[in-house]
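A.B. asks: Per full-length UniProt numbering, the sequence shown starts with residue 1, numbered consecutively. Cβ atoms here follow ideal geometry from the backbone N, Cα and C, with glycine treated the same way. Sharing a structure below in structure tokens format, with a few things to ask.
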Amino acid sequence: MEKLIKVLDKEMQAIGGQKLNMPTLCSGKLWKASGRWELMGKELLRVTDRHSQEYCLGPTHEEAITDLVASQGSLSYKQLPLLLYQVTRKFRDEPRPRFGLLRGREFYMKDMYSFDVSEEAALQTYSLVCKAYSNIFSRLGLQFLKVQGATGSIGGTLSHEFQLPSDVGEDRLAMCTNCDFSANLEIVKSDEMRCPVCKGGLVEKKGIEVGHTFFLGTKYSSVFKATVQTADNVPVLAEMGCYGLGVTRILAASIELLSTENAIRWPNLIAPYQVCLIPPKSGSKAHKTTELIEDLHRAASGRAERRSGATLSHMAENEEGDWDAFLDKFQGPQRYEGAFNPTTWEQEFDQIPMFMKNPPSEINPKQNPDLACLQSIVFDEEQSSEEQAKTYKNEGNDYFKEKDYKKSVISYTEGLKKKCSDLELNTVLHTNRAAAHFYLGNYRSALNDAVAARKLKPSHLKAIIRGALCHMELKHFSEAMAWCEEGLKLDPQEKKLLEIRTKADRLKRTEERDLRKARFQEKKEQCQKEALLKAIKDRNIKLSPVPSADEMAISKDLGEMSLDGLSSENGTGAKVCLEDNGSLTWPVLFLYPEHGQTDFISAFHEESRFSDHLIVMFEESPAWDTERKYVPKKLELYFEDEERGDIYQINPETTLLEVLQHERYFVKGGIPAFLVLVKDAAFSKNYLSGKTVHQLK
Numbered sequence: 001m002e003k004l005i006k007v008l009d010k011e012m013q014a015i016g017g018q019k020l021n022m023p024t025l026c027s028g029k030l031w032k033a034s035g036r037w038e039l040m041g042k043e044l045l046r047v048t049d050r051h052s053q054e055y056c057l058g059p060t061h062e063e064a065i066t067d068l069v070a071s072q073g074s075l076s077y078k079q080l081p082l083l084l085y086q087v088t089r090k091f092r093d094e095p096r097p098r099f100g101l102l103r104g105r106e107f108y109m110k111d112m113y114s115f116d117v118s119e120e121a122a123l124q125t126y127s128l129v130c131k132a133y134s135n136i137f138s139r140l141g142l143q144f145l146k147v148q149g150a151t152g153s154i155g156g157t158l159s160h161e162f163q164l165p166s167d168v169g170e171d172r173l174a175m176c177t178n179c180d181f182s183a184n185l186e187i188v189k190s191d192e193m194r195c196p197v198c199k200g201g202l203v204e205k206k207g208i209e210v211g212h213t214f215f216l217g218t219k220y221s222s223v224f225k226a227t228v229q230t231a232d233n234v235p236v237l238a239e240m241g242c243y244g245l246g247v248t249r250i251l252a253a254s255i256e257l258l259s260t261e262n263a264i265r266w267p268n269l270i271a272p273y274q275v276c277l278i279p280p281k282s283g284s285k286a287h288k289t290t291e292l293i294e295d296l297h298r299a300a301s302g303r304a305e306r307r308s309g310a311t312l313s314h315m316a317e318n319e320e321g322d323w324d325a326f327l328d329k330f331q332g333p334q335r336y337e338g339a340f341n342p343t344t345w346e347q348e349f350d351q352i353p354m355f356m357k358n359p360p361s362e363i364n365p366k367q368n369p370d371l372a373c374l375q376s377i378v379f380d381e382e383q384s385s386e387e388q389a390k391t392y393k394n395e396g397n398d399y400f401k402e403k404d405y406k407k408s409v410i411s412y413t414e415g416l417k418k419k420c421s422d423l424e425l426n427t428v429l430h431t432n433r434a435a436a437h438f439y440l441g442n443y444r445s446a447l448n449d450a451v452a453a454r455k456l457k458p459s460h461l462k463a464i465i466r467g468a469l470c471h472m473e474l475k476h477f478s479e480a481m482a483w484c485e486e487g488l489k490l491d492p493q494e495k496k497l498l499e500i501r502t503k504a505d506r507l508k509r510t511e512e513r514d515l516r517k518a519r520f521q522e523k524k525e526q527c528q529k530e531a532l533l534k535a536i537k538d539r540n541i542k543l544s545p546v547p548s549a550d551e552m553a554i555s556k557d558l559g560e561m562s563l564d565g566l567s568s569e570n571g572t573g574a575k576v577c578l579e580d581n582g583s584l585t586w587p588v589l590f591l592y593p594e595h596g597q598t599d600f601i602s603a604f605h606e607e608s609r610f611s612d613h614l615i616v617m618f619e620e621s622p623a624w625d626t627e628r629k630y631v632p633k634k635l636e637l638y639f640e641d642e643e644r645g646d647i648y649q650i651n652p653e654t655t656l657l658e659v660l661q662h663e664r665y666f667v668k669g670g671i672p673a674f675l676v677l678v679k680d681a682a683f684s685k686n687y688l689s690g691k692t693v694h695q696l697k
């Protein structure tokens with residue numbers, strides 16, 4: 001199963017999927033909001049905690065993931081499509097669990113959820129995920145069908161099932177004999193088995209459902225107010241899709257489809273083991289042993305086949321002597337010339353160069369005469385430097401063909417160390433080493449070798465092509481075009497150079513355009529920052545800490561204010577924002593020291609009153625308030641003057657702006673923070689004892 005999950009991860013991440021973990025227990029409040037709490041019926045396992053809060057074991061996570069995206073505020077269209085997925089254990093209270101892993105109550109599932117800015121974009125994402133599913137089943141070698149399916153309790157306007165044809169399948173499928181129409185029989189009118197597309201005849205097949213995709217539209221985003229920003233900065237409801245794959249069901253279905261009567265067969269990609277059979281080399285000891293075994297097998301098999309009740313006695317008289325003579329060959333102390341010792345054959349195998357598991361780093365001729373002989377033949381020091389360099393070049397080429405690029409680099413380097421006088425050979429060594437470095441991702445080293453090769457032979461076209469490719473990988477598009485021009489002077493029809501030059505020209509233009517856009521965006525953001533700082537200064541709001549050296553130039557006309565005082569370290573990245581109408585919204589942190597808890601509001605309008613937020617926050621008691629004493633009417637708000645150690649009490653009817661403008665309030669880290677205590681509670685009295693408390697005017 002782990003191998004299968006790796007295949008799924010690779011395909012999902014190839015289309016931009018981000019893997020995460022979602023909660024096993026899902027909030028009943030969310031499921032009731034979507035309407036599925038009642039719609040799922042008895043298949044949904046529900047539980048209630050000690051605080052009478054209802055939860056369910058989520059068979060799918062549309063509600064949880066949509067609520068998560070909605071809580072982040074509006075996503076920009078530039079961040080889309082957003083594809084979030086998980087592989088986890090699920091539970092569905094099946095009415096009739098059967099067939100082992102094919103239909104059980106507990107199962108592993110991959111479920112993905114997509115968010116897009118428009119229906120058109122969402123349908124493109126839907127097609128992209130369906131193509132990824134097709135790739136998965138093709139890579140596994142499983143024949144599959146993509147058929148239209150029912151949307152069921154999940155909902156949506158479009159649905160497809162991925163079915164593996166099998167006689168043990170529970171699903172009945174309708175297939176058109178004239179066109180590509182196929183669907184689950186449950187969505188086809190039972191009174192007429194005619195194709196709704198071409199009116200042709202339909203045939204029925206059985207299948208095992210292993211995947212299901214849904215185009216949800218705004219079914220869930222409208223409930224949970226999950227919005228995204230268009231290119232025109234207009235908030236719209238996110239267009240969604242959800243996509244499931246039954247991991248354990250794919251495993252079971254693979255066996256059903258591929259196995260024979262006497263053997264279980266797995267798809268090659270997820271098979272538990274890989275076995276490779278290597279025939280013995282002709283003339284080797286292993287080959288002689290194999291011939292002996294085959295002779296014994298043929299003799300024994302032939303003798304057994306020729307036996308019959310009628311002729312057994314007669315054949316025994318004629319053949320016994322031949323059989324005994326054959327066996328006598330192996331009865332003496334020297335049973336088989338050159339045979340391996342039965343007790344030490346593994347050690348003997350390890351002395352044969354072909355079968356060595358760990359060849360020695362230094363070859364001792366006395367201990368390894370065969371290796372020493374091979375080495376002396378291949379790397380004869382009495383050979384000329386040209387012959388030795390050529391030997392290393394050929395060795396490097398062999399490693400290169402095996403895609404062992406690190407060893408090929410070593411071999412080419414050894415060849416260059418011979419410093420032979422053959423310029424053509426040295427040029428090839430440099431060019432080949434450049435290719436090996438290139439495939440290792442060492443583009444700078446590859447480029448250096450290409451340059452060295454051109455110095456030896458300026459007209460070497462392979463070196464020019466390799467150098468141009470290196471410049472492309474290093475994003476030196478102008479240099480890549482220059483190398484292409486040099487090569488095209490030698491061969492104007494060289495296809496590879498023409499392709500590189502065209503691509504380099506396009507990417508250079510794109511890079512220059514992006515640079516202009518980045519500069520414009522940087523200038524725009526700079527102006528926005530200056531406007532934001534000016535708005536804060538005009539309101540007489542004080543920030544902490546002091547400005548950094550890099551931003552003194554921006555804030556030199558704004559007193560001691562700086563962007564450092566607006567840096568946000570909260571998990572959501574929320575920051576103070578200057579709205580189009582000139583008002584400010586702030587991220588605000590409420591601290592509950594009695595319980596060590598916090599609440600975070602990502603956008604608190606400066607004209608909003610504290611009481612408005614407290615009513616919403618404590619409409620229901622939080623789980624940590626076991627005594628149910630945190631109710632809006634009993635709550636008191638404070639902020640602390642860290643420099644003086646004094647405490648200031650805030651009237652809940654006060655607006656955020658009025659507090660921020662107080663002479664002793666400093667915004668630290670870009671997030672205004674306030675203490676929340678319960679009036680007349682023992683903890684509150686103890687917390688405030690010994691401190692000077694001021695009433696905010």
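1) Drop a sphere of 10 angstroms on the beta-carbon of W624, count the other beta-carbons inside from all chains shown, and report buried for 16 or more, exposed for fewer.
2) Excluding the 5 residues flanking L30 on each side, which residues of the same chain have their C-beta closer than 8 Å to its C-beta?
3) Taking L158 and V210 to be in contact with their CB atoms under 8 Å, please state how far apart those CB atoms are, rounded to whole angstroms.
4) State the start and end residues of the unbroken alpha helix (DSSP H) segment that holds H51.
5) What are the boundary residues of the beta strand (DSSP E) that N21 is part of?
6) For K6, I'd like the list of residues in its chain whose CB is within less than 8 Å of its CB, leaving aside the five on either flank, ordered along the chain.
7) Mapping the DSSP letters down to three states, classify R194 as helix, strand or coil.
8) Would you mind working out which of C577, G596, F604 and H595 sits nearest V588, comparing C-alpha positions?
9) Looking at the strands, I want to know which residues DSSP matches up with F618.
10) For W37, name the three-state secondary structure that DSSP assigns.
11) How is Q229 classed by DSSP in three states: helix, strand or coil?
12) Roughly how many angstroms separate the alpha carbons of E54 and V47, rounded to a whole number?
13) Taking C-beta to C-beta, are Y630 and V693 nearer than 9 Å?
14) So the candidates are C130, R501 and A535; which of them puts its Cα closest to the Cα of H160?
15) Counting only the same chain and skipping the five closest in sequence on each side, list residues whose C-beta sits under 7 Å from that of A553.
16) Can you find the residues in the same chain that come closer than 6 Å, C-beta to C-beta, to A681, ignoring five residues on each side of it along the sequence?
17) From the DSSP output, read off the bridge partner residues of G152.
18) Can S182 and K146 be called in contact, C-beta distance under 9 Å?
19) Does the separation of the CB atoms of S166 and K206 fall below 9 Å?
20) Under 8 Å by Cβ, that's how I've got R466 and T431 pegged, so tell me the actual separation to the nearest angstrom.
21) Extract the residue ranges of the beta strand (DSSP E) inside the stretch 169–221, only unbroken runs of 3 or more that lie entirely within it.
22) Quick check for students: name the residue ranges of the beta strand (DSSP E) that lie wholly in the stretch 618–666, counting only runs of 3 or more.
23) Is it right to say T585 is buried, meaning 16 or more other beta carbons lie within 10 angstroms of its own, or is it exposed?
24) Excluding five sequence neighbours on each side, which residues of the same chain lie with their C-beta closer than 6 Å to the C-beta of E636?
25) Assuming the contact rule is C-beta atoms closer than 8 Å, L245 and K90 should be a hit. Round their C-beta distance to whole Å, please.
26) Please name the residue in S254, D180 and E106 whose C-alpha comes closest to that of L140.
27) In the DSSP assignment, find the alpha helix (DSSP H) that holds Q72 and state where it starts and stops.
28) Hey, would you say K419 sits closer than 9 Å to Y392, going by beta carbons?
29) Could you tell me whether the stretch 504–512 touches the stretch 475–494, using the rule of 3 or more Cβ pairs below 8 Å?
30) What number of angstroms, rounded off, separates the C-alpha of K19 from the C-alpha of A132?
31) Quick one: Cα of Y85 to Cα of I650, how far?
32) Alpha carbon to alpha carbon, what distance is there between G28 and K685?
33) For K3, I'd like the list of residues in its chain whose CB is within less than 7 Å of its CB, leaving aside the five on either flank, ordered along the chain.
34) The alpha helix (DSSP H) spanning C242 covers which residue range?
35) Suppose contacts are defined by Cβ-Cβ distances below 9 Å. Is D9 in contact with V87 by that definition?
36) With DSSP as the reference, label Y273 as helix, strand or coil.
C.D. replies: So, to answer that:
1) Here residue 624 corresponds to residue number 624 of the sequence shown, with the count starting at 1. It is exposed - the Cβ of W624 has fewer than 16 other Cβ atoms within 10 Å.
2) Walking along the sequence shown from the start, residue 30 turns up at place 30. Closer than 8 Å at Cβ, skipping near neighbours: E63, A64, D67 and F224.
3) Residue numbering aside, residue 158 sits at position 158 when the sequence shown is read from its first letter. Residue numbering aside, residue 210 sits at position 210 when the sequence shown is read from its first letter. That pair is no contact at about 19 Å.
4) Position 51 of the sequence shown, counting from 1, holds the residue named residue 51. In the DSSP assignment, H51 falls outside any alpha helix (DSSP H) and carries neither an H nor an E.
5) Here residue 21 corresponds to residue number 21 of the sequence shown, with the count starting at 1. Looking at the DSSP string, N21 is not in any beta strand (DSSP E), and its letter there is neither H nor E.
6) On the sequence shown, position 6 is the one that residue 6 refers to. Cβ within range, chain order: n/a, list empty.
7) For the purposes of this step, residue 194 is taken as residue 194 along the sequence shown, with counting starting at 1. Reduced to three states, the DSSP call for R194 is strand.
8) Position 588 of the sequence shown, counting from 1, holds the residue named residue 588. When each option's Cα is compared against that of V588, the closest is F604.
9) The residue you call residue 618 lines up with position 618 of the sequence shown. Paired residues: none, contrary to the question.
10) Here residue 37 is taken as the residue at index 37 of the sequence shown, counted from 1. Of the three classes helix, strand and coil, the one that applies to W37 here is helix, per DSSP.
11) Within the sequence shown, the letter at position 229 stands for residue 229. Q229: strand per DSSP, three-state reduction.
12) Position 54 of the sequence shown, counted from the start, is the residue given in the question as residue 54. Position 47 of the sequence shown, counted from the start, is the residue given in the question as residue 47. E54 and V47: Cα-Cα distance of roughly 6 Å.
13) Within the sequence shown, the letter at position 630 stands for residue 630. Within the sequence shown, the letter at position 693 stands for residue 693. Contact: no.
14) Locating residue 160 in the sequence shown gives position 160, where the first residue counts as 1. Selected option, being the one with the closest Cα: C130.
15) Residue mapping note: residue 553 aligns to position 553 of the sequence shown, counting from 1. Its pLDDT being 44, under 50, A553 is placed unreliably by the model, and nothing is read from it.
16) Residue 681 sits at position 681 when you count from the first residue of the sequence shown. So no residue of the chain qualifies.
17) If you number the sequence shown from 1, residue 152 lands on position 152. Answer is none; G152 lacks a bridge partner.
18) The count along the sequence shown starts at 1 and reaches residue 182 at position 182. The count along the sequence shown starts at 1 and reaches residue 146 at position 146. Cβ atoms of S182 and K146: closer than 9 Å.
19) Walking along the sequence shown from the start, residue 166 turns up at place 166. Walking along the sequence shown from the start, residue 206 turns up at place 206. Yes, these two residues count as a Cβ contact at 9 Å.
20) The sequence position of residue 466 within the sequence shown is 466, counting from 1. The sequence position of residue 431 within the sequence shown is 431, counting from 1. Indeed they touch by this definition, with Cβ atoms about 6 Å apart.
21) Listed in chain order, they are 171–176, 182–184 and 202–217.
22) 635–641 and 646–650
23) Taking the sequence shown and counting its residues from 1, one reaches residue 585 at position 585. T585 should be labelled buried.
24) Against the sequence shown, residue 636 aligns to sequence position 636. If we look at E636 and ignore the five residues flanking it on each side, its Cβ neighbours are L677 and K679.
25) On the sequence shown, position 245 is the one that residue 245 refers to. On the sequence shown, position 90 is the one that residue 90 refers to. With 8 Å as the limit, L245 and K90 do not qualify as a contact, their Cβ atoms being about 12 Å apart.
26) Within the sequence shown, residue 140 is the residue found at index 140, counting from 1. Out of S254, D180 and E106, S254 has the C-alpha closest to the C-alpha of L140.
27) Within the sequence shown, residue 72 is the residue found at index 72, counting from 1. Element bounds for Q72: n/a, residue is neither H nor E.
28) Here residue 419 is taken as the residue at index 419 of the sequence shown, counted from 1. Here residue 392 is taken as the residue at index 392 of the sequence shown, counted from 1. Not in contact: K419 and Y392 (Cβ atoms no closer than 9 Å).
29) The answer is yes - the stretch 475–494 touches the stretch 504–512, with three or more Cβ pairs under 8 Å.
30) Numbered from its first residue, the sequence shown carries residue 19 at position 19. Numbered from its first residue, the sequence shown carries residue 132 at position 132. Computed Cα separation, rounded: 15 Å.
31) Counting from one through the sequence shown, the residue named residue 85 turns up at place 85. Counting from one through the sequence shown, the residue named residue 650 turns up at place 650. Straight-line Cα distance between these residues: approximately 45 Å.
32) Reading the sequence shown from its first residue, position 685 is the one you call residue 685. Reading the sequence shown from its first residue, position 28 is the one you call residue 28. If I take the Cα positions, the gap works out to 38 Å.
33) Counting from 1 along the sequence shown, the entry for residue 3 is found at position 3. The beta carbon of K3 is closer than 7 Å to those of L269 and I270 in its chain, skipping five residues each way along the sequence.
34) Reading the sequence shown from its first residue, position 242 is the one you call residue 242. It is not in any alpha helix (DSSP H) - C242 instead sits in the beta strand (DSSP E) that spans E239 to G246.
35) Position 9 of the sequence shown, counted from the first residue, corresponds to residue 9. Position 87 of the sequence shown, counted from the first residue, corresponds to residue 87. Yes, Cβ-Cβ distance for D9 and V87 is below 9 Å.
36) The residue given as residue 273 occupies position 273 in the sequence shown. Residue state, collapsed to three classes: coil.
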